[in-house]
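Structure, as structure tokens:
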Amino acid sequence: MKSFSSIGRIATPLALSLFGIVLLSGCADAPQPVHYVDPNAQGQINGTGIESQDVNAAAAQAAQSIINIPEIAQASKPPIILISDVTNKSSSPIDTSLYTSVLRDSLLNNTGGKVRFIDRSAAEQNQKEAQLAQDGQVQGGDNRLALSYDYVLTAELQGIAMASSQGQSDYFRIAFKLISRKNDLLVWTNAYQIKKEGAESAVYR
Amino acid sequence: MKRLLILIPVLLAAGCAGPSVKGPSPAATAAASAQVDADQTSPALRSEYMDLLTAGEVDYVDLAMKLGLDAARMGQNAFAAKIFDQAIQRVEALQAGSAQANRAQSNFVAEQEKWFKGEAYERAALYLYRGILYLQAGDYGNAAACAKRVQIEDISTHEEDQGDWYSAEWLLAYASLLQGDTGTAHDALARAANFFSKQGVVPPPDPKWNLFIIAESGSGPIKVRRGQYGEELYIEEGVNRTMRIALSASTVPGASQLTVAAENIYFQASTRGDRKVDHILAGKAVFKTATDIAGDAAIVGGAGALATSHSQTQSLVGLGLVVGGIVTKAVSGAAKPEADIRAWDNLPHSIYFTGLQCPPGVSKVKVDALDDAGAVISSASSDVTIVDRAAPVFLWLKFP
Numbered sequence: 001m002k003s004f005s006s007i008g009r010i011a012t013p014l015a016l017s018l019f020g021i022v023l024l025s026g027c028a029d030a031p032q033p034v035h036y037v038d039p040n041a042q043g044q045i046n047g048t049g050i051e052s053q054d055v056n057a058a059a060a061q062a063a064q065s066i067i068n069i070p071e072i073a074q075a076s077k078p079p080i081i082l083i084s085d086v087t088n089k090s091s092s093p094i095d096t097s098l099y100t101s102v103l104r105d106s107l108l109n110n111t112g113g114k115v116r117f118i119d120r121s122a123a124e125q126n127q128k129e130a131q132l133a134q135d136g137q138v139q140g141g142d143n144r145l146a147l148s149y150d151y152v153l154t155a156e157l158q159g160i161a162m163a164s165s166q167g168q169s170d171y172f173r174i175a176f177k178l179i180s181r182k183n184d185l186l187v188w189t190n191a192y193q194i195k196k197e198g199a200e201s202a203v204y205r
Numbered sequence: 206m207k208r209l210l211i212l213i214p215v216l217l218a219a220g221c222a223g224p225s226v227k228g229p230s231p232a233a234t235a236a237a238s239a240q241v242d243a244d245q246t247s248p249a250l251r252s253e254y255m256d257l258l259t260a261g262e263v264d265y266v267d268l269a270m271k272l273g274l275d276a277a278r279m280g281q282n283a284f285a286a287k288i289f290d291q292a293i294q295r296v297e298a299l300q301a302g303s304a305q306a307n308r309a310q311s312n313f314v315a316e317q318e319k320w321f322k323g324e325a326y327e328r329a330a331l332y333l334y335r336g337i338l339y340l341q342a343g344d345y346g347n348a349a350a351c352a353k354r355v356q357i358e359d360i361s362t363h364e365e366d367q368g369d370w371y372s373a374e375w376l377l378a379y380a381s382l383l384q385g386d387t388g389t390a391h392d393a394l395a396r397a398a399n400f401f402s403k404q405g406v407v408p409p410p411d412p413k414w415n416l417f418i419i420a421e422s423g424s425g426p427i428k429v430r431r432g433q434y435g436e437e438l439y440i441e442e443g444v445n446r447t448m449r450i451a452l453s454a455s456t457v458p459g460a461s462q463l464t465v466a467a468e469n470i471y472f473q474a475s476t477r478g479d480r481k482v483d484h485i486l487a488g489k490a491v492f493k494t495a496t497d498i499a500g501d502a503a504i505v506g507g508a509g510a511l512a513t514s515h516s517q518t519q520s521l522v523g524l525g526l527v528v529g530g531i532v533t534k535a536v537s538g539a540a541k542p543e544a545d546i547r548a549w550d551n552l553p554h555s556i557y558f559t560g561l562q563c564p565p566g567v568s569k570v571k572v573d574a575l576d577d578a579g580a581v582i583s584s585a586s587s588d589v590t591i592v593d594r595a596a597p598v599f600l601w602l603k604f605p
């Protein structure tokens, strides 16, 4: 009996430890509390897709480049630019409306008043208001005369994606073009490139 | 024998380990209910949406795939897009080094406890359906992006091959034509023409179509477990009777469109053969087989030594073997090699795309589903109002 007790002293903690490990391995992940993050910081969700900070950085770079071209830098008065919607030619679906807004904001804040931007998003509403004014229903009966633009700025997202059992990579190129309204001359181009690679867990291979 | 009795509870306990299952807290349920109300969810989708919002991350993508597709079929496109986007965000989040993925690699955690991302065919279908929704919304750039992503998802687990979703190339071609990009459209159709997955003649897309048909038929792939420990994942074909569809409109007599499926999802799910489990599951199965054999041998040998022992030393050795056997058996019993058979189970067997250019006004549109012999097995008809210069009218149909 003595020998049995000795073994019991060894075996019982061993078995209990084993069960502890087995049971602990079944514990669920603790829920993550909501917290604020810097919108310009790398996201915690580790995908290889384009993110808001990429568009911000590209727009800031484009802005710096635009204000240095002769057509802008030597203009007698700040040229007016129309920013067209971002077009997506990449292999990643994006929120083009959001990225167009990010692009517009970043350009507006980084060109230091050397260019002005035109926005047609309220044009329809403004026309209705002008009609009401002409009809004498609201104040300000002067004829509406919207500005036209000197240049149109386009932004196209291009990209190549690769995937393997190990993970994936995404190459993005945000290509900007500044085109003259008067003669369709391509005045300026610039491109901002991003490449991201990420590893996938072995459990998904 | 008394000595052996102490082993019974231990052996019984060896197979019991696992995570506790508990439902959502009252607070989580209340928050989900508020979200369901805030999103003005259709009554037919409320239950599914509640399940999604309270299920947690483990099954989120699976539930989102099903809910998104149900919503799309009901014409709740904005809601479907939102749900699919939530699923895509999670599918694209790489999990290397994450706590849940590391835990899922353990031999003692069932594979279906990992956060579901689906097999390659399910992830590819997710992008295909999201692309269809972008197409319906007139966002052709993102529709084309989704079509490209379908092929990326298809090759992500077998990179030696190329993506071969015919429907994705067809969708890419159509979205490109609608953007005036004939080069990309031509290239996409040329690639698709060589795919093994091609089911037959699918008329090419026409940017002049103002009536577009999205039709589904049959039931999607079924995942089943096989093997000694259920460790092998097999894909079985769901029921499907429709082999072709024929589209006609009262306003364009003689201009009917006959097409086979643009995609056979079962083909896509099974073209890696009766696929073997992945290497982690394979690792568990090998581990379990090896340890089972070792464990059984140790218990038998140890019990034999105990029964015939005449000395304390021999008893100690025998008991040592028994305890060792118990430990090994417990480890083996706790291993969870079963294949993950969670599936996007409301996928169809096949998907069809076709269209027509109709004159402005009301057209009586009819779509027939044909079987192998060309007999009509089901029909759908609808009065469709075509507005000149407007985006296409989309009809989403389901056939047996």
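Quick mapping for you: the protein sequence lines, in order, are chains E and F.
Numbering of the first sequence is given in this note's numbering, commencing with residue 1 and proceeding in unit increments.
Numbering of the second sequence is given in this note's numbering, commencing with residue 206 and proceeding in unit increments.
Where is the CB? At the ideal position from N, CA and C, for every residue including glycine.
Closer than 9 Å at the beta carbon, the chain F residues around THR87(E): GLY346, GLN384
Can you list the residues of chain F that SER90(E) reaches, using a CB-CB cut of under 7 Å? ALA350
Below 8 Å, how does it come out for the region 97–109 of chain E and the region 229–236 of chain F: are there three or more Cβ pairs, yes or no? no
Identity of the residues DSSP links to PHE599(F) by a beta bridge: PHE417(F)
Return the Cβ separation of VAL589(F) and VAL598(F) in integer angstroms, given the expectation that the two are a contact with Cβ distance under 8 Å. 5 Å
Chain F beta carbons: is any one of them nearer than 7 Å to that of GLU200(E)? yes
Counterpart residues of MET162(E) in DSSP-defined beta bridges: SER169(E)
Within chain F, the residues that ALA161(E) reaches when beta carbons sit closer than 8 Å: LYS353, ARG354, ILE357
Tell me the rounded alpha-carbon separation between ILE83(E) and ILE179(E). 11 Å
Alpha carbon to alpha carbon, how far is ARG328(F) from GLY405(F)? 24 Å
Going along chain F, which residues have a C-beta under 9 Å from THR96(E)? ASP344, GLY346, ASN347
Whole-angstrom distance between GLN158(E) and VAL444(F), CA atom to CA atom: 41 Å
Contact the region 446–454 of chain F vs the region 331–351 of chain F: 3+ CB pairs below 8 Å: no
Would you verify that the beta carbon of GLN473(F) is, or is not, closer than 7 Å to some beta carbon of chain E? no
DSSP three-state label for VAL22(E), please. Since pLDDT at VAL22(E) reaches only 44, below the 50 mark, its modelled position is unreliable, and the value read off the structure follows with that caveat. Helix at VAL22(E).
In three-state DSSP terms, what is TYR557(F)? strand
Interface residues of chain F facing TYR204(E) [CB-CB closer than 7 Å]: GLN300, LYS322
Three-pair Cβ contact test at 8 Å for the region 375–389 of chain F versus the region 118–128 of chain E: no
Flag PRO93(E) as yes if its beta-carbon sits less than 7 Å from any beta-carbon of chain F, otherwise no. yes
Starting from GLU297(F), find everything on chain E with Cβ-Cβ shorter than 7 Å and list it in chain order. GLY47, GLY49
Is there a Cβ from chain E that is less than 7 Å from the Cβ of ALA309(F)? yes
Bridge partners - ILE83(E), DSSP secondary structure assignment: LEU153(E)
Grab the span of the beta strand (DSSP E) containing GLU197(E) for me, first residue to last. 186–199
Return the chain-ordered list of same chain residues with a C-beta closer than 6 Å to the C-beta of ALA63(E), the five sequence neighbours on each side being excluded. LEU107, ASN110, THR111
Could you give the residue range of the beta strand (DSSP E) that holds ALA451(F)? 449–454
At least 3 beta-carbon pairs within less than 8 Å: the region 262–271 of chain F vs the region 292–305 of chain F: yes
Positions along the region 167–186 of chain E whose CB lies within less than 8 Å of some CB in chain F: GLY167, GLN168
Am I right that PRO426(F) and TYR326(F) are in contact with their C-beta atoms under 8 Å? What's the rounded C-beta distance? 7 Å
Minimum Cβ-Cβ distance from LYS319(F) to chain E less than 7 Å: yes
Between PRO78(E) and TYR151(E), what straight-line distance do the alpha-carbon atoms span, to the nearest angstrom? 11 Å
Tell me, please, which residues DSSP counts as bridged to LEU463(F). ALA451(F)
Cutting at 6 Å between CB atoms, please list the residues of its own chain near ILE213(F), excluding the five before and the five after it. Note that ILE213(F) scores 45 on pLDDT, short of 50, meaning its location in the model is unreliable; the coordinates nonetheless yield the value given after this. So the list is empty, once near-sequence residues are dropped.
From the DSSP output, read off the bridge partner residues of PHE176(E). ALA155(E), ASN190(E)
Cβ-based burial, PRO93(E) [other Cβ within 10 Å; buried from 16]: buried
Please state whether DSSP places TYR334(F) in a helix, a strand or coil. helix
Can ILE357(F) and ALA155(E) be called in contact, C-beta distance under 7 Å? no
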